[in-house]
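Take any residue in the sequence shown, note its place counting from 1, add 5, and you have its number in this note's numbering. To keep things clear, I will list the structure first and then write my remarks on it.
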Amino acid sequence: MLWMMLTVVPFACAILLARPFASKAFLYRIARTWLNHVVVSLRTICGVHWRIQGMENIPLEGAAPVILAKHQSTYETFLLPAIMPRPIAYVYKKELNWVPFFGWAIAQLDMVHIDRKQGRAAFRKVTEEGGRIMAAGGSVAMFPEGTRIARGQVGEYKTGGTRLALATGSRVVPVAIT
Numbered sequence: 006m007l008w009m010m011l012t013v014v015p016f017a018c019a020i021l022l023a024r025p026f027a028s029k030a031f032l033y034r035i036a037r038t039w040l041n042h043v044v045v046s047l048r049t050i051c052g053v054h055w056r057i058q059g060m061e062n063i064p065l066e067g068a069a070p071v072i073l074a075k076h077q078s079t080y081e082t083f084l085l086p087a088i089m090p091r092p093i094a095y096v097y098k099k100e101l102n103w104v105p106f107f108g109w110a111i112a113q114l115d116m117v118h119i120d121r122k123q124g125r126a127a128f129r130k131v132t133e134e135g136g137r138i139m140a141a142g143g144s145v146a147m148f149p150e151g152t153r154i155a156r157g158q159v160g161e162y163k164t165g166g167t168r169l170a171l172a173t174g175s176r177v178v179p180v181a182i183t
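Right, here's the structure in full:
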């Protein structure tokens, strides 16, 4: 955690300083570089390894899919952008924008931050911004249980990701994480 906190500052500053001059795609590459760094550091420092099964099921051609993933920890939010073949835009709670450095940086990326208390207005924002992102070739990633759920537990599945796929005519790629 200490290493992650130390490394987020220079990468976040790079995103914040580059923002007025750089494209969203360039800012995403800076963020993805940091996420790759964190994933490698976790393997080196903590011995955390990952293994992928079914990557051949991720569509590379055609419309970008909606990715619906199990959410157990921060790890998968870092791993998915590092390993997925397309850029990923997360749908996330707007409160994260206030987290020093990390939040300030993700607020500059092409992501969808929502106020979960806004209900229909929040979903309308997901559909509009998510549709725009997907039309540009990026995937939208959502956690259908809405929050972290402990390993082996099942939360209440929300319908937003499926409704986004229906609204945009996109495929859904379910991602199980264990």
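We put the CB at the ideal spot given by N, CA and C, even for glycine. Note that this is a predicted model, so its numbers are computed, not measured.
Worksheet item: Are Val117 and Val104 close, meaning C-beta to C-beta below 8 Å?
Response: The Cβ-Cβ distance between Val117 and Val104 does not fall below 8 Å.
Item to complete: Can you grab the Cα-Cα spacing for the pair Ala155 / Met6, in whole Å?
Response: Taking the straight line joining both Cα atoms gives about 19 Å.
Practice prompt. Figure out for me which residue from Leu84, Arg121, Leu114, Asp115 has the closest Cα to the Cα of Lys98.
Written response: Arg121 is the residue among Leu84, Arg121, Leu114, Asp115 whose C-alpha sits nearest the C-alpha of Lys98.
Worksheet entry | As assigned by DSSP and simplified to three states, the class of His54 | When DSSP states are grouped into helix, strand and coil, His54 belongs to the coil group.
Worksheet item: Based on Cα-Cα distance, which residue from Val71, Ala19, Ala170 lies nearest to Val145?
Response: Of the listed residues, the one whose Cα sits closest to Val145 is Val71.
Discussion item. My output table needs one value for Pro92: the three-state DSSP class, helix, strand or coil.
Written reply: Assignment of Pro92 by DSSP, reduced to helix, strand and coil, places it in the coil class.
Worksheet entry | Straight-line gap, Gly160 to Val43 (C-alpha atoms, nearest Å) | CA-CA distance, Gly160 to Val43, rounds to 28 Å.
Worksheet item: Just to check, is the beta-carbon of Glu81 closer than 7 Å to a non-hydrogen atom of the ligand PLP?
Response: Here there are no bound small molecules, and the ligand PLP is not part of this structure.
Worksheet item: Between Lys75 and Ala181, is the Cβ-Cβ spacing less than 8 Å?
Response: Yes, these two residues count as a Cβ contact at 8 Å.
Worksheet item: Taking C-beta to C-beta, are Pro179 and Tyr162 nearer than 8 Å?
Response: Contact check for Pro179 against Tyr162 fails: the beta carbons are separated by 8 Å or more.
Practice prompt. Run the CB neighbour count on Thr173, radius 10 Å, all protein chains shown included, and call it buried at 16 or more, exposed below.
Written response: Here Thr173 is buried, its C-beta having at least 16 other C-beta atoms within 10 Å.
Practice prompt. Would you check if the region 48-58 and the region 128-142 touch, i.e. whether three or more CB-CB distances between them fall below 8 Å?
Written response: No, the region 128-142 does not touch the region 48-58.
Worksheet item: If Arg37 sits next to Ala87, beta carbons under 8 Å apart, how far is it from one beta carbon to the other, in whole angstroms?
Response: Contact between Arg37 and Ala87 holds: their C-beta atoms lie close to 6 Å from each other, under 8 Å.
Worksheet item: Would a C-beta distance cut-off of 8 Å place Trp39 and Leu84 closer than the cut-off?
Response: When the beta-carbon positions are compared, Trp39 and Leu84 stay at least 8 Å from each other.
Discussion item. Looking only at its chain, what residues have a beta carbon closer than 6 Å to the beta carbon of Gly124, apart from the 5 residues adjacent to it on each side?
Written reply: Correct list: empty, nothing qualifies.
Worksheet item: From Leu21 to Leu171, what does the alpha carbon distance come to, in whole angstroms?
Response: Between Leu21 and Leu171, the C-alpha separation is close to 35 Å.
Fill in: Runs of alpha helix (DSSP H) wholly within the region 131-177 (minimum 4 residues, chain order)
The qualifying runs are 165-173.
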